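Below is one structure, written out as structure tokens, with a few remarks after it.
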Amino acid sequence: MKYPSQKVGETLLKEYLKDLSLAALIAISLIGVAIVLLIIALVFLQRRSRRRYVEMALKPTVAEISMAESLQYSLTEIQIATNNFSVDNKIGEGGFGRVYKGVLGNGQEVAAKRLSRSSGQGAEEFKNEILVVAKLQHRNLVRLLGFCLEGEEKILIYEFVPNKSLDYFLFDPENKRSLNWSRRYNIIGGIAKGLLYLHKDSRLRIVHRDLKASNILLDGNMSPKIADFGMAKICGVDQSEGNTNRIAGTFGYMAPEYMRRGQFSIKSDVFSFGVVILEMVTGKKNSSFQQSEDSEDLVSYVWKHWRRGESLALLDSSIGDSFAENEVIQCIQLGLLCVEEYVSKRPTVASVVNMLNSSSVTLPTPRRPAVFRCHETESMVEEVEVEQSNTERISIPSSVNEATITEPYPRWRKK
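Residue numbers (the UniProt record's numbering): 1 to 415.
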């Protein structure tokens, strides 16, 4: 039997516990909301910090302004150097303008890229890009020497690279004989070092987005120089990927995640590099395969031979018998690793350089690569517009029209 006072106590206790549970529920809810808001704030601050980092890196300092002034040429100097942009001096042409060979007053040979008025660049954006490109100093990158900005004229002055582009040699039946195996192996290593600089060792992390044989120039010693940064993206030092609703590149070299969803990263460049490696070994251009529905691309063709243990059968016949078998097999395996369908499975360029420099490194076994068909020729696919992806878009400040670095000169039709 319970006394009235006991019943009152139990009732009060139940009321108290009920109020306590409600208070606890409210407190937990508030803490949860606070945590969510904190996470959102941290993500916002991180992105703002990343954006400020890139903006500060692009913002010219007093010293950089002085440097820009030292790089500036007058229009008269360029006109004299190129014989007033003579047709005889024209060495290339593309959507961004024409390129002329020239000789400066000091006797130095240069390539002067005269941007078309429809290129879309303003004067300030043009100057800022020059400051960024001028900082890229590596033996395996085409070097910017200066610029001219007078009135509506915008001209970029680059070092003159005498031996044209890699595709001029690699895919021509006669010219390819100049590329023995030793030379090809050195070119592959040089491209890897240039990419490593862009991805890791330069002031900003740079994704090229259009690496292919025609964008690799060869100097007098047949050493490679990466060129055509017209579609490149600058990322913060802690950022390695991004997303865009404007896909620009060349079919057969674009990574599947970039081609399908607009997602680009340093691993997108790795994929393109893998295709170039396989082209170097086979001497075959990816887009040269048959264009029928049943045709296979170069990557699939190489993978099938490698899986059957027929790697050496892939080697370009023009090389002859003078080659290192272990290097050929290593490059085929490296190329297949670089074109893995899943981004996380592809090696970084740093890993590729390490593998090329060490014969003792055991390479992972490649998996079946992404299968894609090249139904378009390069002339038809300079740029492809796609609808904006539904995935999260990472904003990367850029100085002009989705292209953060001005495009150097080799991306043109040769005379």
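Each residue gets a CB set at the ideal place from its N, CA and C atoms; glycine is no exception.
These numbers were taken from a predicted model, which means no experiment stands behind them.
Residue(s) in a DSSP beta bridge with residue i
| i | result |
| --- | --- |
| G92 | V99 |
| R184 | Bridge partners of R184: none, in fact. |
| I234 | I206 |
| Q72 | F147 |
| L218 | P224 |
| L141 | I226 |
Unbroken alpha helix (DSSP H) run spanning residue i, endpoints
| i | result |
| --- | --- |
| P256 | 256-261 |
| I266 | 266-282 |
| I332 | 325-338 |
| A350 | 349-357 |
| D167 | 166-170 |
Straight-line Cα distance separating residue j from residue i
| i | j | result |
| --- | --- | --- |
| G335 | F171 | 18 Å |
| W306 | G92 | 38 Å |
| L104 | V110 | 7 Å |
| C331 | M280 | 9 Å |
| S265 | R205 | 10 Å |
| F147 | I80 | 15 Å |
| K225 | K304 | 31 Å |
| V302 | V328 | 12 Å |
| A229 | R114 | A small fix is needed here, since residue 229 is Phe in this sequence, not Ala. Approximately 16 Å between the Cα atoms of the pair. |
| N140 | S223 | 8 Å |
| residue 420 | L38 | Residue 420 lies beyond the residue range present for the chain, which begins at 1 and ends at 415; the question has no answer from this structure. |
| F96 | P364 | 41 Å |
| R50 | D297 | With a pLDDT of 49 at R50, under the threshold of 50, the modelled position of that residue is not reliable, and the figure given next carries that caveat. If you take the alpha carbons of R50 and D297, they lie about 39 Å apart. |
| G107 | E77 | 12 Å |
| G309 | Q333 | 11 Å |
| L356 | Q72 | 40 Å |
| K101 | S344 | 43 Å |
| T282 | M231 | 27 Å |
| S359 | L42 | 44 Å |
DSSP-derived helix/strand/coil call for residue i
| i | result |
| --- | --- |
| G146 | strand |
| K176 | helix |
| S344 | helix |
| L363 | coil |
| S322 | coil |
| G105 | coil |
| L37 | helix |
| D316 | coil |
| V133 | helix |
| S300 | helix |
| N163 | coil |
| F85 | coil |
| G252 | coil |
| L42 | helix |
| L195 | helix |
Continuous beta strand (DSSP E) stretch holding residue i: start and end
| i | result |
| --- | --- |
| R114 | 109-115 |
| E159 | 153-159 |
| K225 | 224-226 |
| V312 | Inspection of the sequence shows that residue 312 is occupied by Leu rather than by Val. Neither: L312 is in no beta strand (DSSP E) and is coded neither H nor E. |
Tell me, please, whether the stretch 77-88 touches the stretch 159-174 by the rule of three or more beta-carbon pairs shorter than 8 Å. no
Does the stretch 252-261 come close enough to the stretch 274-288 to have 3 or more Cβ pairs within less than 8 Å? yes
Stretch pair the stretch 258-275 + the stretch 317-327: three plus CB contacts closer than 8 Å: No, the stretch 258-275 does not touch the stretch 317-327.
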